[in-house]
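Asker: My numbering numbers the first residue of the sequence shown as 12 and each following residue consecutively.
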Amino acid sequence: MDWITQNKLIRWLIGILLVVNILTITIIWILISRDRPPMFDRNAKPQAGIDLLQKELGLTEVQKKQFEDARKDNFAKSDVLFKELNEVKTKYFGELQNEKTDTVLVNSLLRRISAIQIELEKLRYDHFRYLLSVCTKEQKEKFKPLLKEILVGKPPREIDKGKPGPELHGKDGIREMPPPPPPDGNMNMYR
Numbered sequence: 012m013d014w015i016t017q018n019k020l021i022r023w024l025i026g027i028l029l030v031v032n033i034l035t036i037t038i039i040w041i042l043i044s045r046d047r048p049p050m051f052d053r054n055a056k057p058q059a060g061i062d063l064l065q066k067e068l069g070l071t072e073v074q075k076k077q078f079e080d081a082r083k084d085n086f087a088k089s090d091v092l093f094k095e096l097n098e099v100k101t102k103y104f105g106e107l108q109n110e111k112t113d114t115v116l117v118n119s120l121l122r123r124i125s126a127i128q129i130e131l132e133k134l135r136y137d138h139f140r141y142l143l144s145v146c147t148k149e150q151k152e153k154f155k156p157l158l159k160e161i162l163v164g165k166p167p168r169e170i171d172k173g174k175p176g177p178e179l180h181g182k183d184g185i186r187e188m189p190p191p192p193p194p195d196g197n198m199n200m201y202r
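In structure tokens:
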């Protein structure tokens, strides 16, 4: 091949590779952005959630307004606690960088983290307690199963049930752990 033909071939190959790279990057970007959950704006109007509750429970407009106000109040109070929790956790994990750990400080930070989490759980409990107090008797009966799902969560999915392999969960869905070794370290009694 002469020099001009080689030059044209190289230009075509570079152009094709450039197009393939751009397509690959575009596809990867689209797939990654599609997997991200949508951004949640806590200050936005909770229209979908309130509308769902209004539909499920048959909320009146007054109750709907009370639910919205309670939500805003709950988020405002919990935001303060979450900010404090983040600050305390930053200090707590910052202690890992020190050569010598101040155990008194670490323990006091752990106690504060626990106290904040207790406050958050109380706030959450009081919030839903208030929401229940706003409901009528019939609405409460419909709301209680929803509350259980909201507060406790859905049970874990049973993955790979029926497939051969080691049993991951024992009685009542709780993972069974092997017994601890004897205090003297003698493992022969298990054989």
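Virtual Cβ for every residue (Gly too), placed ideally from N, Cα, C.
Evaluate residue 73 with the Cβ neighbour count: other Cβ atoms within 10 Å of its Cβ, from every protein chain shown; 16 or more gives buried, anything less gives exposed.
Answerer: Position 62 of the sequence shown, counted from the start, is the residue given in the question as residue 73. Counting Cβ neighbours within 10 Å, residue 73 comes out exposed, since fewer than 16 surround it.
Asker: Within the continuous alpha helix (DSSP H) that includes residue 150, where are the two ends?
Answerer: Taking the sequence shown and counting its residues from 1, one reaches residue 150 at position 139. That run of the alpha helix (DSSP H) goes 148-162.
Asker: Kindly give me the distance between the Cβ atoms of residue 153 and residue 67, rounded to whole angstroms, as I take these residues to be in contact under 8 Å.
Answerer: For this step, residue 153 is matched to residue 142 along the sequence shown. For this step, residue 67 is matched to residue 56 along the sequence shown. Yes, residue 153 and residue 67 are in contact; Cβ-Cβ is about 6 Å, under 8 Å.
Asker: What are the boundary residues of the alpha helix (DSSP H) that residue 128 is part of?
Answerer: The sequence position of residue 128 within the sequence shown is 117, counting from 1. First-last of the alpha helix (DSSP H) with residue 128: 114-145.
Asker: Which residue from 96, 134, 107, 102 puts its Cα closest to that of residue 84?
Answerer: Your numbering for residue 84 matches position 73 in the sequence shown. The shortest Cα separation from residue 84 among 96, 134, 107, 102 belongs to 134.
Asker: In whole angstroms, give me the CA-to-CA distance for residue 27 and residue 41.
Answerer: The residue labelled residue 27 in the question sits at position 16 within the sequence shown. The residue labelled residue 41 in the question sits at position 30 within the sequence shown. Those two C-alpha atoms are separated by around 21 Å.
Asker: Could you have a look at residue 13 and say whether DSSP puts it in helix, strand or coil?
Answerer: Within the sequence shown, the letter at position 2 stands for residue 13. The answer is coil: DSSP assigns residue 13 none of H, G, I, E or B.
Asker: Quick one: residues in its chain with C-beta nearer than 6 Å to the C-beta of residue 92, no 5 flanking neighbours on either side, listed in chain order?
Answerer: Along the sequence shown, read from residue 1 onward, the residue named residue 92 stands at position 81. Cβ within range, chain order: 127, 130, 131.
Asker: Can you check whether the C-beta of residue 21 is within less than 7 Å of a C-beta belonging to chain B?
Answerer: No chain B is part of this structure, which consists of one protein chain only.
Asker: Report the rounded CA-to-CA distance for residue 43 versus residue 15, giving the unit in angstroms.
Answerer: Position 32 of the sequence shown holds residue 43. Position 4 of the sequence shown holds residue 15. Taking the straight line from one Cα to the other gives about 42 Å.
Asker: Does the Cβ of residue 120 have 16 or more other Cβ atoms within 10 Å, making it buried, or fewer, making it exposed?
Answerer: On the sequence shown, position 109 is the one that residue 120 refers to. Burial call: buried.
Asker: What is the C-beta distance between residue 145 and residue 77, in whole angstroms, given that I count them as a contact (C-beta under 8 Å)?
Answerer: Numbered from its first residue, the sequence shown carries residue 145 at position 134. Numbered from its first residue, the sequence shown carries residue 77 at position 66. About 5 Å separates the two Cβ atoms, so the contact holds.
Asker: Residue 29: buried (16+ other C-beta within 10 angstroms of its C-beta) or exposed?
Answerer: Translated into positions along the sequence shown, residue 29 becomes position 18. Exposed.
Asker: How close, in whole Å, do the beta carbons of residue 103 and residue 117 come, if the pair is a contact with beta carbons under 8 Å?
Answerer: Translated into the one-based positions of the sequence shown, residue 103 becomes position 92. Translated into the one-based positions of the sequence shown, residue 117 becomes position 106. So it is a contact: roughly 7 Å between Cβ atoms.
Asker: Locate the alpha helix (DSSP H) running through residue 101, then write down its first and last residues.
Answerer: Taking the first residue of the sequence shown as position 1, residue 101 is located at position 90. Taken as a continuous stretch (DSSP letters only), the alpha helix (DSSP H) holding residue 101 covers 72-105.
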